[in-house]
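Participant: This is the structure, below, for whatever I ask next.
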Amino acid sequence: MKRFRLPCLLITSFWFLFSCDKAEQKNIPEVTIASDPIFRLLSSDSTGISFSNLIEENLNLNVLMYEYLYNGGGVAVGDLNQDGLDDIYFSANVGQNQLYLNEGNLKFKDITQASGATGRPGPWKTGVVLVDINGDGKLDIYLCHSGTLQPEKRKNELFVNQGNDSNEIPQFKEMAEDYGIASEATSTSAAFFDYDLDGDLDLFLLNHNTKSIQNFDPTVTKKLLLEKHEAGSQLFENQNGKFVEVTEKAGISSSSLSYGLGVSVADINGDGWPDIYIGNDYSMPDYLYINQKNGKFKDEIQSRLDHVSHFSMGNDIADINNDGLLDIFTLDMLPEDNLRQKLLLSPDNFEMFQLNLDRGFYYQYMRNMLHINSGDGTFREIGQLSGISNTDWSWSALFSDFDLDGWKDLHITNGYLRDYNNQDFLKYMDNYVRTAGGQLKREDLLNLVKSMSSSNLKNYTFKNNGDLTFENVSASWGLTQNANSNGAAYADLDNDGDLDLIINNINAPAFVYENLAIQKEKGNFLKIELKGEGQNTIGQGALVKVFTNGSMQVQEQNIYRGFQSSVSPILVFGLGQNTKADSVQVIWPGGKLSQLSAPQTNQKHVISQAEASKIKPKSVINSMPLLTQAGKITVPKSSEVNDFKRQPLLSFGISGNGKALVVEDFDGDGNPDIFLGGGAGISGRLFFGKGNGQFDRPDSAAFVSAALSEDTDALSFDANGDDFPDLLIGSGGMHQFFDGEPGLQDRLYLNDGNGKFTISADALPNEAFSTGSLTQGDFNTDGITDIFVGGRVVPGQYPIAPGGRIWIGDGKGKFTDQTASLAPDFKNLGMITDSGWADLDGDGQDELILVGDAMPITIFSKSTDTWKNTTSAYFESPQVGFWSELLIEDWDGDGKPELFVGNHGENSQLFASDTQPMELLYKDFDANGSIDAILSYYIQGEKYPSPSRDEVLGQVLFLKKRYLDFKSFSEVKMDELFTPEERKDSRSIFINRLETSYFVLGQNGKFQPKSIPLESQFSPVFAAASADLDGDGNLDLILGGNLFDTKLKFGRYDANHGTILLGKGNGEFVAQTPLDSGLSLKGEIRKIEVLGDYLLFYIKDQGIYLIKHHLSK
């Protein structure tokens, strides 16, 4: 979590003065009545549960002295007295922990004192989890401690279950020292699991440093990461009932730079061995420790995940799309509403971001992340597309099927008692501290705390739609009470077959929600209770699969989920309206298999590992993926450019997105060659083919003189009539250029027939602008090749564009600009990124189709001797997007062309529709010679500016007097940002479509969008190709893209690892999984070409990947 830091001497000295006086009860939940809820909040009077995690802000304890003050407590649920009912333990940060015995019918009895599991009085308790520590079949309680206290006051506690007394109340004995796990580290939570598969449970202890390490030196950081520290997380091996720390031996980082808030244990890579995911607060990246099967772990997060949450909180690992693969979800702090986004988010800081990368801290962005398992060892992050990325200051994430429809839903706890990162407060506090000369008294600190705004947020509940997306059903399901919630757990408290929710709140009664899914006949269920062998009595780590009517659900037994909590060990599977399940399969740790055929539904089944059998080795069937990598041509990395330095209000970079790749037999030897254009500071080069996908002799001699240009597109055609393919290369980019500079001049290179090129001076019109697209055609129908040149942008003046040009060829290598006479409208076109030809009306004359950035798909037809805009004849309404790729084919076999157009996609904070379009408002508002372009989009029904206050005020200086603080700016709608007089002479582009789209010509001759698989929306699409990859006679689609140069608030778009959509021949497509396609390319794909049995993928700053496809028919 990003927070202002006080000098350390102000923070460390007050814990000994701490008073445990009872705080005033406040923040009573605000109740919203749902019309047909699935959950019902039970009152304390009804349940008998009166627990509240009370925290009093006073002179001796407040968030400016202990910044983890509002992280809250946990919940542990399980059957402690073996009566078949799950009991509940709540941890309290300051006050008394409480244990409640489930007496049935959702009635509970406080047995804290009677059980002996009270714990030490006073601060600072954190997570609480259950475990059968000694394998006696009775659940024990492990309680974590933290805080800036003396080490002996931070010792974790273990309450070992001694069995029931005569009143059936379980009795506990504190025995952490006996077992070797009375750690004095500052602990957040714990997870017990069998990491070495020896049959007993080991312990991972998630710890966090209560002190900030202020260091900006990458060398020092790397040194600190190698040094063990008392605040670092710990791994303990169970050696015959005694736990021995093996942290360093196992390869687990345990440095002072440990800020662990979330831990999940699961077999992430499917090799049968448990792995560990750790969520770290602040700039420390998360860890993904893959079990090496030899007692060691290796952090592989950077090779498996593309980016991670910045202020990573709780997390969960579950199969959310029922493909049998475990997915990873992490929580962060990004609010849903505009006001809190503008108030709480700090401005982008590229320098700090780069410093963190230099320190090895990886790509981190402040939002929730959903990493979908590709099945090939990598993950694709689609939290924004799924609709679960913005849930404010979130703590616990729990996936489970709450409505019993067969899909795992999501519950998230939310809230922080004070808006600690309110930008106005931070500025106020900074001034306050400076004015006091850094000499603050405790009274001053408390006054500062009281000046902080206080928010009472709501938790989130999302229904799984079964298509990788989720719907916010918090209100309709009856879960809209305001609170500051932290730890949470689920369990079937009343044994009716659906999962109830228990939530630990700060300064408010704990929530106990009764699930009404069974009463409302939402679906059928199976309950599975696992009986493990040896010391692992709950079968921790077992993989349970339920097969129903051709579908499969998977749950891994892992009770340590969410945040500082543990859930019930009894697994619940929703079956929807299916009245029977086909079978249940349990793969136990170590590999044994249990199977249950046709189990009765709506009841609990106990499955014992003792009755399991060894899995018989299956005959290996070599299933060849559709594609395999056959080679790679490496190219140098281009020079770093930063368009945001040139135009700070840009949302996305423009430079560095060149697609200048051409496949042609330049030397006439019968083998295709490749020309690849260069980025900034890198010359283009030729790679001569040798056949069979082999290339050598890179040659850049002819292109070295233009190395400072940025090659954006390229065409191969015979320009001078000698029957040899020549090269036309477009120059573009923005950051380092000005309109008219030689570096923006397009270039024609003539071929001598042997692949040797010479630049043809004065062959092209003497006009230099940033080129976005080149295409050849015969504009004046004289039989000689002409060129269309699409302008990308006027450098430094986005979104103003130079328009398009028609260059008429003479057949001898000379071209003249005849735009004014042939197509005068071309000069008014927008920021063109791609172009193509197709006969759309069947008259034998091709139309010119143009797409571009913040411009409508535009169509020109020839009318007599000029080209006219006929877009309205082919589209009912303008289709304005961030279009970046155009592919024209007949995928449905009807003889008419369809358009596949790459766009921004839906895995983004941005939103656009016909009724709620984005607006790109631009003008030189402060008359300083530079265009100010402000993007706005709808959030919760209102349109707001996308940039932050500091970003807008930094460019439009006169607004500083109007928006004196962050609050005033956070409330302003886009239409109110400027006065009507200030908006005078401004221009707006309204963007109504962000989806990568497939347009089909209807019976009326107009294009209509047709749905395509959601995978096409994972990331911006910059490249596409069409080929019959599987040999079924139908054309398939190959997509690539991603975009890394973005504002930090948006983060890298990187979820497209190369996408294959298999065509059915009727205009419908089926997405291939990465495992089936064999395609897993990370990076910014800018061009895809088909070369016989090969696909060529050009990835920016990496090179060209040669991918071979295997026809299956």
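With UniProt numbering applied, the sequence shown corresponds to residues 1 to 1113, in that order. Every residue, glycine too, gets a C-beta built ideally from N, C-alpha and C. Computed from a prediction, not measured in an experiment: that's the story for all the values here.
1) With a threshold of 6 Å on Cβ separation, who are the neighbours of glycine 95 within its own chain once the five nearest residues in sequence on each side are excluded?
2) With distances taken between CB atoms, is the gap from tyrosine 938 to tyrosine 416 smaller than 7 Å?
3) Applying the 10 Å Cβ sphere with the 16-neighbour rule, what's the burial state of glutamate 24?
4) Candidates Tyr560, Lys531 and Pro1013: which alpha carbon is nearest histidine 605's?
5) Quick one: Cα of histidine 310 to Cα of serine 212, how far?
6) Touch check for the segment 1085 to 1098 and the segment 656 to 672: three-plus C-beta pairs under 8 Å?
7) If you follow the alpha helix (DSSP H) that threonine 186 is in, where does it begin and where does it stop?
8) Would proline 151 be called buried (16 or more neighbouring beta carbons within 10 Å of its own) or exposed?
9) Quick one: Cα of isoleucine 1107 to Cα of phenylalanine 379, how far?
10) May I have the straight-line CA-CA distance separating lysine 242 from phenylalanine 236, to the nearest angstrom?
11) Would you identify the three-state DSSP class for methionine 369, choosing helix, strand or coil?
12) Do the segment 112 to 131 and the segment 158 to 175 touch if we need at least three Cβ pairs shorter than 8 Å?
13) If the criterion is Cβ atoms closer than 7 Å, does the pair serine 400 and leucine 499 meet it?
14) Is it right to say phenylalanine 958 is buried, meaning 16 or more other beta carbons lie within 10 angstroms of its own, or is it exposed?
15) Per DSSP, which one or two residues make a beta bridge with aspartate 711?
16) If you compare alpha carbons, which of Gly677, Gln1008 and Asp924 is closest to serine 872?
17) What residues match up with glutamine 776 in a beta bridge as DSSP calls it?
18) Quick one: grab the DSSP three-state call for isoleucine 859.
19) Please report the Cβ distance between leucine 457 and asparagine 482, rounded to the nearest whole angstrom; I am assuming they are in contact, meaning their Cβ atoms lie under 8 Å.
20) Going by other Cβ atoms of all chains shown within 10 Å of its Cβ, with 16 needed for buried, is glycine 1083 buried or exposed?
21) Rounded to whole angstroms, what's the CA-CA distance from leucine 571 to leucine 1081? Just pull it up for me.
22) With 16 other CB atoms within 10 Å as the buried threshold, where does lysine 961 fall?
23) Note the first and the last residue of the continuous beta strand (DSSP E) segment covering proline 218.
24) Would the segment 224 to 232 and the segment 367 to 374 be scored as touching if the rule is three or more Cβ pairs under 8 Å?
25) Would you say the segment 515 to 527 touches the segment 105 to 113, given that touching needs at least three Cβ pairs under 8 Å?
26) For glycine 262 versus glycine 314, is the C-beta spacing smaller than 7 Å?
27) Over what stretch of residues does the alpha helix (DSSP H) that includes serine 872 continue unbroken?
28) If you count every other CB in all the chains shown that lies within 10 Å of the CB of glutamate 847, and 16 or more means buried, which is it?
29) Considering lysine 632, what are the terminal residues of the beta strand (DSSP E) in which it resides?
30) On the premise that tyrosine 922 lies in contact with alanine 912, defined as a C-beta separation below 8 Å, what is that separation, rounded to the nearest angstrom?
31) Measuring alpha carbon to alpha carbon, tell me which residue in Ser476, Asp786, Val308 and Asp924 is nearest threonine 816.
32) With a threshold of 7 Å between beta carbons, is phenylalanine 1022 in contact with chain B?
33) Along the beta strand (DSSP E) that carries serine 264, what are the first and last residues, could you check?
34) Between the C-alpha atoms of valine 635 and isoleucine 729, what's the straight-line distance to the nearest angstrom?
35) If you reduce the DSSP assignment to three classes, tell me which class leucine 1014 lands in.
36) Could you check where the beta strand (DSSP E) with isoleucine 126 kicks off and where it finishes?
Facilitator: Quick look at the numbers:
1) Leu54
2) Not in contact: tyrosine 938 and tyrosine 416 (Cβ atoms no closer than 7 Å).
3) Since pLDDT at glutamate 24 reaches only 41, below the 50 mark, its modelled position is unreliable, and the value read off the structure follows with that caveat. A residue is called buried when at least 16 other Cβ atoms come within 10 angstroms of its Cβ; glutamate 24 does not meet this threshold and is exposed.
4) When only C-alpha atoms are compared, the closest one is Lys531.
5) 16 Å
6) yes
7) Neither: threonine 186 is in no alpha helix (DSSP H) and is coded neither H nor E.
8) exposed
9) 21 Å
10) 9 Å
11) strand
12) Counting C-beta pairs with one atom in each stretch, the segment 112 to 131 and the segment 158 to 175 have three or more that are closer than 8 Å, which means they touch.
13) yes
14) exposed
15) Ser731
16) Here the closest residue by C-alpha is Gln1008.
17) Ile787
18) strand
19) Under the criterion of beta carbons closer than 8 Å, leucine 457 and asparagine 482 qualify as touching, at roughly 7 Å.
20) buried
21) 37 Å
22) Exposed, by the Cβ-count rule.
23) Unbroken run through proline 218 is the alpha helix (DSSP H), 218 to 226; no beta strand (DSSP E).
24) no
25) Taking a cut-off of 8 Å on C-beta distances, the segment 515 to 527 does not touch the segment 105 to 113, as fewer than three cross pairs fall below it.
26) yes
27) 871 to 874
28) Around the CB of glutamate 847, 16 or more other CB atoms lie within 10 Å, so the residue is classed as buried.
29) 627 to 634
30) So it is not a contact: roughly 17 Å between Cβ atoms.
31) Asp786
32) Here there is only one protein chain, and chain B is not present.
33) Note, serine 264: beta strand (DSSP E), 260 to 266.
34) 18 Å
35) helix
36) As written in the sequence, residue 126 is threonine, which differs from the isoleucine given in the question. That run of the beta strand (DSSP E) goes 125 to 131.
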